[in-house]
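K.L.:
Taking the working numbering, the leading residue of the sequence shown gets 1, the next gets one more, and so forth.
Glycine included, C-beta positions come from ideal geometry on N, C-alpha and C.
Bear in mind the structure is a predicted one, so any value in this text is a computation, not a measurement.
Encoded as structure tokens, here's the structure I'll be asking about.
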Amino acid sequence: MSQAVLASRSKPKPSLTVVNELLRRSFRSTACRKEQFFDADQATFAKAISKENSQGKVVLVDFYADWCQPCKMLSPILTSLTSPENAEKVKTGSGRSLDLVTIDTEEQGNLAMQYGISALPTVFAFKDGKPIQKIVGALPEKGVKDFVASL
Numbered sequence: 001m002s003q004a005v006l007a008s009r010s011k012p013k014p015s016l017t018v019v020n021e022l023l024r025r026s027f028r029s030t031a032c033r034k035e036q037f038f039d040a041d042q043a044t045f046a047k048a049i050s051k052e053n054s055q056g057k058v059v060l061v062d063f064y065a066d067w068c069q070p071c072k073m074l075s076p077i078l079t080s081l082t083s084p085e086n087a088e089k090v091k092t093g094s095g096r097s098l099d100l101v102t103i104d105t106e107e108q109g110n111l112a113m114q115y116g117i118s119a120l121p122t123v124f125a126f127k128d129g130k131p132i133q134k135i136v137g138a139l140p141e142k143g144v145k146d147f148v149a150s151l
């Protein structure tokens, strides 16, 4: 064989510094993007809690009514905790990020009946499309954070 053919078959080996650089690189994953669905209808609710959409996340579903004073105290806390700005700060006890869906029980009475809502506010936590826990009544911010940490 000619030297030209042999030269074309041999590949240059990467230098030791390049190999070391590749080995030193760490891989990171980013948190799932947080989403908030306000005044969701039945279709939006179903999509938000679906296993496909909520993979790696916990979805908080806030059942409320405009006339409910405790709801007006709880809703801003939930909105703040699930905001994109808090994506890295607020996680569940299992390290999952949070999405928020709000359901106006006056507009979506069928969903309220389906989930047996008898007092407001009621917040369900869904994981992989299934309810895993709930709270009934308004809680202070620390109580909500404790609830989130238990998920």
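Anyone know if the C-beta pair for A40 and T102 falls short of 8 Å?
P.N.:
Contact flag set, yes.
K.L.:
Hey, quick one: how far does the beta strand (DSSP E) through D146 stretch, first residue to last?
P.N.:
Unbroken run through D146 is the alpha helix (DSSP H), 141-149; no beta strand (DSSP E).
K.L.:
Distance check for S150 and A125, CA to CA, integer angstroms please.
P.N.:
Rounded to whole angstroms, A125 to S150 spans 11 Å at the Cα level.
K.L.:
How long is the line joining the alpha carbons of M73 and G95, rounded to whole angstroms?
P.N.:
Cα to Cα, M73 sits roughly 26 Å from G95.
K.L.:
So, helix, strand or coil for P131, using DSSP?
P.N.:
If DSSP states are grouped into helix, strand and coil, P131 belongs with the strands.
K.L.:
Please name the residue in E85, A43, D99, I117 whose C-alpha comes closest to that of Y64.
P.N.:
Comparing Cα positions, the closest option is I117.
K.L.:
Ends of the alpha helix (DSSP H) at I77?
P.N.:
First-last of the alpha helix (DSSP H) with I77: 69-81.
K.L.:
With distances taken from CA atoms, which of L60, A43, A46 is nearest K34?
P.N.:
Ranking the options by Cα distance to K34, first place goes to L60.
K.L.:
Hey, how far is the Cα of V136 from the Cα of V123?
P.N.:
Cα-Cα distance, rounded: 6 Å.
K.L.:
Hey, out of D66, G129, A87, whose CA is closest to N53's CA?
P.N.:
It is G129 whose Cα lies nearest to the Cα of N53.
K.L.:
Using a Cβ-Cβ cutoff of less than 6 Å, which residues in the same chain neighbour L100 once the five nearest sequence positions on both sides are dropped?
P.N.:
The residues are Q36, L60, L78, T82.
K.L.:
As a quick exercise: from S97, D104, P84, pick the residue whose alpha carbon is nearest that of V58.
P.N.:
Looking at the Cα atoms, S97 is the closest of the given residues.
K.L.:
Quick check: the Cα distance between Q114 and Q108, rounded to an integer number of angstroms?
P.N.:
If I take the Cα positions, the gap works out to 10 Å.
K.L.:
Are the beta-carbon atoms belonging to S75 and D66 less than 8 Å from one another?
P.N.:
It is not a contact, given that the beta carbons lie outside the stated cut-off.
K.L.:
Between the Cα of L139 and those of A46, P121, K91, spot the shortest distance and give me the residue it belongs to.
P.N.:
Ranking A46, P121, K91 by Cα distance to L139 puts P121 first.
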